[in-house]
Amino acid sequence: LDAELQLDRLKPRLSGRVLLLQGHQPSWHQTLSLAPGTAPLCHNLTAYLRDEAEFKDKLSPVALSLRLALPGRAPGLVLYGDTLVQAQVGRGTGLSWGHCHCAQVGTCGYPQPRRPQLVPSVPNPSLGYCPCHPPVP
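Be aware that the sequence shown starts at 1, since it is given in full-length UniProt numbering, and climbs by one per residue.
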């Protein structure tokens, strides 16, 4: 299963306000190997908000997306359920970066047909978390 996470996806790639801590990129892509009857495969990724002096748009929410797809070499297989999950954080969304400007973004792949998870977390100053492995406060 191919998984792709995009941070601040509505902005041009070079003007993104949010980057992943590992690699300092606005996106993450990985091939997930899932087997029936096994536990969900989860990844918690840490992202950060760039210094406000580095970008002009400080008001619009940060849009996130998680896309799942079958690899091109998987003839005859069909992916059921939602293959694109979107969320946003910022003004007007009820979510906030808080004081630390870092966030946990969780992605989960399930062996059985199920909705992929990109869950906003209101009490925590984070973009989202993996429901199976919440971030450590």
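Virtual Cβ for every residue (Gly too), placed ideally from N, Cα, C. The structure displayed is predicted, hence computed values, not measured ones.
With burial defined as no fewer than 16 other Cβ atoms inside 10 Å of the residue's Cβ, what is the status of residue i: buried or exposed?
i       : result
Asp-51  : exposed
Val-78  : exposed
Val-122 : Interpretation of Val-122 is limited by its pLDDT of 35, a score under 50 that renders its predicted location unreliable; the figure taken from the coordinates is listed afterwards. It is exposed - the Cβ of Val-122 has fewer than 16 other Cβ atoms within 10 Å.
Is the beta carbon of residue i sitting closer than 9 Å to the one on residue j?
i      : j      : result
Ala-3  : Leu-32 : yes
Pro-71 : Leu-1  : yes
Could you have a look at residue i and say whether DSSP puts it in helix, strand or coil?
i      : result
Pro-12 : coil
Ala-3  : strand
Ala-53 : helix
Rounded to a whole number of angstroms, what is the C-alpha to C-alpha distance between residue i and residue j?
i       : j      : result
Leu-84  : Tyr-48 : 22 Å
Asn-44  : Trp-28 : 11 Å
Asp-8   : Leu-19 : 9 Å
Cys-100 : Thr-46 : Low local confidence applies: a pLDDT of 45 at Cys-100 is under 50, so the model's placement there is unreliable, with the coordinate-based value given in what follows. Taking the straight line joining both Cα atoms gives about 12 Å.
Gln-88  : Arg-17 : 13 Å
Since residue i sits in a beta bridge, which residues does DSSP pair it with?
i      : result
Tyr-80 : Note: Tyr-80 sits in no beta bridge, so no partner.
Ser-65 : Gln-6, Gln-86
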